[in-house]
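Here's the structure we're looking at; comments come further down.
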Amino acid sequence: MPDQSNVDVLKSAYGAFQSGDIPGVMAALDPDVRMHAPDVLPHGGDFDGHDGAGRFFAGIGEKWDGLAVEAQDIVADGERVVVIGRASGRLRGEGDDVAYGFVHAWTMRDGRAVRFDEYVDPAELLATA
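Mapped onto my numbering, the consecutive letters of the sequence shown carry residue numbers 16 to 144.
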């Protein structure tokens, strides 16, 4: 699949996330997707398949009040797509506003994400928490 098609799929998924349309995000994920977010994130962990992805998004809802994710730049090379951006929100129950930069590394196959890895600077994240 051409790079731009993969970029379009992910742009649509990020738009769906921003509007709270988790089924729209899930449509971009392969049923066997593997996801990793670092443990320094309140919603971090390893998640496999659509069930795991559902737990990942449920964890975001449990830990955050209104987590916003802004994709600032997208770089693609074949099946690999990297999204550079910024996330911000309020930690549920703590009242703290948190913002941090991220890199999301995606592997795409046949128009769907088969792998997602999130990278963050823990020092920046911990300084805002």
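Glycine included, each C-beta is placed from N, C-alpha and C at the ideal position.
Buried versus exposed call for residue i [16 or more other C-beta atoms within 10 Å across all chains shown]
i, result
"residue 126", "exposed"
"residue 108", "exposed"
"residue 40", "buried"
"residue 110", "exposed"
"residue 17", "In this prediction, residue 17 has a pLDDT of 48, which is less than 50 and means its spatial position is unreliable; nothing more can be read from the coordinates."
"residue 90", "exposed"
"residue 104", "buried"
Cβ-Cβ separation, residue j to residue i (assumed contact under 8 Å), whole Å
i, j, result
"residue 58", "residue 74", "4 Å"
Cα-Cα separation between residue i and residue j, rounded to whole angstroms
i, j, result
"residue 122", "residue 95", "5 Å"
"residue 48", "residue 78", "22 Å"
"residue 33", "residue 137", "23 Å"
"residue 30", "residue 21", "14 Å"
"residue 54", "residue 80", "19 Å"
"residue 61", "residue 67", "8 Å"
"residue 87", "residue 97", "11 Å"
"residue 124", "residue 117", "23 Å"
"residue 35", "residue 100", "18 Å"
"residue 70", "residue 119", "18 Å"
"residue 65", "residue 46", "5 Å"
"residue 82", "residue 130", "21 Å"
"residue 106", "residue 19", "35 Å"
"residue 128", "residue 28", "10 Å"
Closest residue to residue i among the options (Cα-Cα distance)
i, options, result
"residue 114", "84, 76 and 133", "84"
"residue 25", "118, 43, 134 and 81", "43"
"residue 112", "37, 87 and 102", "102"
Local conformation of residue i per DSSP, three classes
i, result
"residue 43", "coil"
"residue 34", "coil"
"residue 55", "coil"
"residue 101", "strand"
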